[in-house]
Amino acid sequence: MMRNVLCKRDEIPPGDKKIFQVKKTSIVVVRKEDKFFAIRNGCPHQGAELGKGSLGGAAPPSDVKEYCYEKQGEVLYCPWHHWSFDVETGCSVYDEKIKVKTYDVKVEGDDVVLYA
Numbered sequence: 001m002m003r004n005v006l007c008k009r010d011e012i013p014p015g016d017k018k019i020f021q022v023k024k025t026s027i028v029v030v031r032k033e034d035k036f037f038a039i040r041n042g043c044p045h046q047g048a049e050l051g052k053g054s055l056g057g058a059a060p061p062s063d064v065k066e067y068c069y070e071k072q073g074e075v076l077y078c079p080w081h082h083w084s085f086d087v088e089t090g091c092s093v094y095d096e097k098i099k100v101k102t103y104d105v106k107v108e109g110d111d112v113v114l115y116a
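Its first residue numbered 1, the sequence shown is counted upward by one per residue in the UniProt record's numbering.
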């Protein structure tokens with residue numbers, strides 16, 4: 001695996017995301033508090049750049065009149081058709097058979113480093 005220094009930790013504020021080009025692959029790095037996640041910047045549906053979509057949470061299935069909202073800041077929505085993906089696992093929020101590739105990303109000192 002190659003070590004790729006993407007940026008300094010403070011270049012991505014908590015609750016935000018940033019797009020990077022690593023060789024020929026476009027990757028989105030998402031920061032939730034002090035955790036960083038990396039996911040391929042392409043929706044499997046029609047190829048839209050996920051990094052241009054919104055970052056939010058998800059409302060999983062629940063009982064009638066019961067409303068749950070979870071994974072705030074960990075769900076990336078496609079800007080074209082709002083397909084949603086968990087940035088930690090790459091799985092679609094509503095169909096775990098649909099996935100986007102994720103990457104190992106770590107903070108080393110002040111650097112955000114991607115291993116690919």
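Built from N, CA and C at the ideal position, the CB exists for glycine as well.
{"Check": "Collapsed DSSP secondary structure at Gly-51 in the structure displayed", "Outcome": "helix"}
{"Check": "Rounded separation between Lys-97 and Leu-76 - CA only", "Outcome": "17 Å"}
{"Check": "Rounded C-alpha distance that separates Ser-84 from Gly-109", "Outcome": "31 Å"}
{"Check": "For Asp-10, the three-state DSSP class (helix, strand or coil)", "Outcome": "helix"}
{"Check": "Residue span of the beta strand (DSSP E) that contains Ser-92, given as start and end", "Outcome": "Here Ser-92 belongs to no beta strand (DSSP E), and DSSP marks it neither H nor E."}
{"Check": "8 Å Cβ cutoff met for Lys-17 and Gly-51", "Outcome": "yes"}
{"Check": "Three-state secondary structure assigned by DSSP to Ile-98", "Outcome": "coil"}
{"Check": "Buried or exposed by the 16-neighbour rule on C-beta atoms within 10 Å, applied to Val-29", "Outcome": "buried"}
{"Check": "Burial state of Asp-86, where buried means 16 or more other Cβ atoms lie within 10 Å", "Outcome": "buried"}
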